[in-house]
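**Q** Take this structure, written in C-alpha cells, and hold onto it; I'll ask about it next.
Number of protein chains: 2
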Amino acid sequence: MHPKLKLYFEERTHISEERLMALAPFFRENTFRKYAFLLREGEVCKYNYFVVSGCLRIFSVNLEGTENTRYFGFEGKFATSFTSLISRQPAFESIQCLEKSTILSIYRDDFYHLVETEPAVNAIYRNILESAYITTQKRIYDLQGADSLQRVKWLLERYPDILSRLSNKIVASYLGITPYTLSRIKAKL
Amino acid sequence: MHPKLKLYFEERTHISEERLMALAPFFRENTFRKYAFLLREGEVCKYNYFVVSGCLRIFSVNLEGTENTRYFGFEGKFATSFTSLISRQPAFESIQCLEKSTILSIYRDDFYHLVETEPAVNAIYRNILESAYITTQKRIYDLQGADSLQRVKWLLERYPDILSRLSNKIVASYLGITPYTLSRIKAKL
DNA sequence: TAAAAATGTTGCGCTATGTCAACGATTTGA
DNA sequence: TCAAATCGTTGACATAGCGCAACATTTTTA
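Protein chains in written order, with the working numbering: chain A, 19 to 207; chain B, 19 to 207.
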C-alpha cells in the first residue's frame, strides 16, 4: 500500500497492519498530466480518488458558462463526486488535475463493499463525510454575505498556499468572485 | 416510538420491529414555544433533534450582526449542529424554533453509541451525512454567483413552501440577500 | 384586546463589483 | 524553442443590490 495512503488510515482509525495490507489491491495507481479530466460533467462517477501528489479540483459550469470550483484535493486527500458516487446518477460536476498528479483510484463498488465490511473503512468514510460536511457548512457561513476582500482574507487564513500555488482564474472560481476583482485585491494586499 | 420517527427509520433502513422499539427509550419528547432556542452559539451541542411538528432553523450571526441561516428542519427531519456534536467544541451556530414545535431529543453519547453498535443507526447516520453533504454542495454550486432573482427562483423550485411559511427576514437570511431585496423581488413575481 | 414590537414595502442615493477592452506577461504544446 | 493560446493587470463604465428612512401592516404579548 502506498505510504501516503497508509498514513491517511493510521492517522484516522485503528487497523492491523495485516488488514490494512489487504486493502492495498483495491487501489490502482496512475499518473495524469496537467489539465487531465478524471470525470466529466454528465458521466457517472465510478471511482474514489486519493491524491498522492499534485492537485485536483472539482468544479461545475453554470448556464452562463461561469466555472464554479467547490473543492481542491491536494496531496494526502480523497476527492470524488460523492453526489454521483452515492446516487449512481450522472455528475453535475467535473474532476480535473490542476498539476501533473499521481492518483490512487478505488472502484465505487469495491469502496462501498469495504465501507460495509471493513470497520476501518466505514470509520474513514464517516470521517470523510463528517469533515466534508463541516467544511462546507463553514464555507457557507463564512462566505455568504462576505465581500470580495473578506473572501480573499478568508482564503489566506485558511489555505494560504492556494493563492500562490493556483492561478487567479481558478482561485476566483473557488471564491465566487471574478478574476478581475481578485487581481485588484491582490494588488492592494 | 413516535410514529414519525418509526417512519423515518423504515424509509431509510431495514430493522426489526423489536430492535426499533429498543431505540425508543433514547428519544425524549418535548414541546417548545415559538422562538425558543435549543442551542445558543458558544454552547456545546449535546443532542440530536428530530422534528415531529413545527420547524427549526440553524443560523449564525456574523461580526456585522447579520444573521445567516443554513438549514431549516421541518417535520420528519433531524437537525443538530453536527459540527459541534462531532467535535464536542462550542457551536458557532444557534438552533431556534420558528414555530411551536414538538421535538424528540437523543443525547449525543447515546446517539454515537448507537451509531457504533446498531447497524441501522449507523446506516441512518451515513444517510444523513450523505444527504447533508449533497444538499450543501448543491447549494454552493447553485447559489454562488447567482443574483437575487435566481436565488428566489431556486428556492421556489426546490422548497416552494418555505416562502409562504416563513417570514421574509428569515428567508432572506437563508438566501443571502436583504429582506428589502426579497420584498422587491416577491412584488415582481 | 390593545399597546408595543417586529416585519413588510418602497423611494433614494451610494458603492462594490461585474463587464468590456486593451495590452503585457506567462504558459503551453507542437 | 517558438508561435499561439491563455492568463493577469488595469482603466472606464454600468448596475445590482445594500443601507437608510419613513410609513404601513402584521404579529406578539401583557
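The C-beta atom is built at its ideal place from N, Cα and C for all residues, glycine as well.
Please go through the segment 44-113 of chain B and give each complete alpha helix (DSSP H) segment of 4 or more residues, from N-terminal end onward.
**A** Segments of the alpha helix (DSSP H) lying fully in the segment 44-113 of chain B: 100-105.
**Q** Can you pull the chain B neighbours of Asn86 of chain A, defined as C-beta to C-beta under 7 Å?
**A** Going along chain B in sequence order, the residues near Asn86 of chain A (Cβ under 7 Å) are Tyr159, Gln162, Gly163.
**Q** I need the DSSP call for Ser185 of chain A, collapsed to helix, strand or coil.
**A** Reduced to three states, the DSSP call for Ser185 of chain A is coil.
**Q** Put Thr153 of chain A into one of helix, strand or coil per three-state DSSP.
**A** Note: Thr153 of chain A maps to helix in three-state DSSP.
**Q** For Ile158 of chain B, which of helix, strand or coil comes out of DSSP?
**A** Of the three classes helix, strand and coil, the one that applies to Ile158 of chain B here is helix, per DSSP.
**Q** For Lys24 of chain A, which residues in the same chain have their Cβ closer than 7 Å to its Cβ, ignoring the five residues on either side in sequence?
**A** Only Leu38 meet the Cβ criterion.
**Q** Between which two residues does the beta strand (DSSP E) containing Tyr125 of chain B stretch?
**A** Taken as a continuous stretch (DSSP letters only), the beta strand (DSSP E) holding Tyr125 of chain B covers 119-125.
**Q** Over what stretch of residues does the alpha helix (DSSP H) that includes Glu175 of chain A continue unbroken?
**A** Looking at the DSSP string, the run of the alpha helix (DSSP H) that includes Glu175 of chain A is 166-176.
**Q** So with CB distances below 8 Å, who are the chain B contacts of Ser78 of chain A?
**A** Result: Tyr159.
**Q** Would Ala205 of chain B be called buried (16 or more neighbouring beta carbons within 10 Å of its own) or exposed?
**A** Result: exposed.
**Q** Taking three-plus beta-carbon pairs below 8 Å as touching, is the segment 95-115 of chain A in contact with the segment 56-65 of chain A?
**A** Yes: the two stretches touch, three or more of their Cβ pairs being nearer than 8 Å.
**Q** Flag this pair as touching only if the segment 81-101 of chain B and the segment 180-191 of chain B have three or more C-beta atom pairs under 8 Å; answer yes or no.
**A** With the cut-off at 8 Å, the segment 81-101 of chain B and the segment 180-191 of chain B touch.
**Q** Against chain B, which members of the segment 137-155 of chain A pass a CB distance test of less than 8 Å?
**A** Listed in sequence order: Asn140, Tyr143, Arg144, Leu147, Glu148, Ala150, Tyr151, Ile152, Thr154, Gln155.
**Q** Here's the rule: buried if 16 or more other CB atoms are within 10 angstroms of the residue's CB, otherwise exposed. What is Thr49 of chain B?
**A** Exposed: under 16 other Cβ atoms inside 10 Å.
**Q** Can you tell me where the alpha helix (DSSP H) with Glu35 of chain A in it begins and where it stops?
**A** Unbroken alpha helix (DSSP H) run through Glu35 of chain A: 35-41.
**Q** Can you grab the Cα-Cα spacing for the pair Cys73 of chain A / Lys95 of chain A, in whole Å?
**A** If I take the Cα positions, the gap works out to 9 Å.
**Q** What residue range is occupied by the uninterrupted alpha helix (DSSP H) comprising Glu29 of chain B?
**A** Glu29 of chain B -> alpha helix (DSSP H) spans 21-30.
**Q** Does any residue of chain A have a CB that is nearer than 8 Å to the CB of Phe90 of chain B?
**A** No, no contact with chain A.
**Q** Let me confirm a value: Ala42 of chain B is counted as buried when at least 16 other C-beta atoms fall within 10 Å, else exposed. Which label applies?
**A** Exposed: under 16 other Cβ atoms inside 10 Å.
**Q** When you compare each of B:Leu200, B:Ile195, B:Thr199, B:Leu207 to Glu213 of chain B by their alpha carbons, which one comes out closest?
**A** Missing from the structure shown is residue 213 of chain B; chain B here goes from 19 to 207 and no further.
**Q** Does Thr101 of chain B come within less than 8 Å of chain A when only Cβ atoms are used?
**A** Yes, because at least one Cβ of chain A sits closer than 8 Å to the Cβ of Thr101 of chain B.
**Q** Taking the alpha-carbon of Phe77 of chain B as reference, which of B:Ile203, B:Ser201, B:Tyr192 has the nearest alpha-carbon?
**A** Comparing Cα positions, the closest option is B:Tyr192.
**Q** I want to verify the contact list: residues of chain B whose CB lies under 7 Å from the CB of Gly194 of chain A, in sequence order.
**A** Here the neighbours are Gln162, Gly163.
**Q** Checking contacts by CB at 8 Å: is Thr188 of chain B closer than that to chain A?
**A** According to the sequence provided, residue 188 of chain B is Ile. The question's Thr does not apply to it. No, Ile188 of chain B lies away from the interface with chain A (no Cβ there is under 8 Å from its Cβ).
**Q** Can you tell me the Cβ-Cβ gap for Thr98 of chain A and Tyr67 of chain A, rounded? I've got them flagged as a contact below 8 Å.
**A** The Cβ separation is near 6 Å, so the contact holds.
**Q** Between the segment 99-126 of chain A and chain B, which residues of the former have a C-beta closer than 8 Å to a C-beta of the latter?
**A** Here the close residues are Phe100, Thr101, Ile104, Ser105, Phe110, Glu111.
**Q** When the distance is taken between beta carbons, is Glu148 of chain B closer than 8 Å to Leu147 of chain A?
**A** Going by C-beta atoms, Leu147 of chain A is nearer than 8 Å to Glu148 of chain B.
**Q** Starting from the Cα of Arg46 of chain B, find the closest Cα among B:Ser166, B:Ile104, B:Val69 and give me that residue.
**A** Here the closest residue by C-alpha is B:Val69.
**Q** Terminal residues of the continuous alpha helix (DSSP H) containing Ile195 of chain A?
**A** Unbroken run through Ile195 of chain A: none, as it is neither H nor E.
**Q** Please identify the residue among B:Leu81, B:Ile104, B:Thr31 whose C-alpha is closest to the C-alpha of Cys63 of chain B.
**A** Minimum Cα distance to Cys63 of chain B is reached at B:Ile104.
**Q** Please classify Leu81 of chain B as buried or exposed, where buried requires at least 16 neighbouring CB atoms within 10 angstroms.
**A** Flag for Leu81 of chain B reads exposed.
**Q** Let me check understanding here. Comparing Cα to Cα, which of A:Arg75, A:Ala190, A:Ala141 lies closest to Asp165 of chain A?
**A** Here the closest residue by C-alpha is A:Ala190.
**Q** Tell me which residues share the same chain as Leu167 of chain A and place their Cβ nearer than 7 Å to its Cβ, disregarding the 5 neighbours each side in the sequence.
**A** Answer for Leu167 of chain A: Ile203, listed in chain order.
**Q** Just how far apart, CA to CA, sit Gly83 of chain B and Gly60 of chain B?
**A** Taking the straight line joining both Cα atoms gives about 16 Å.
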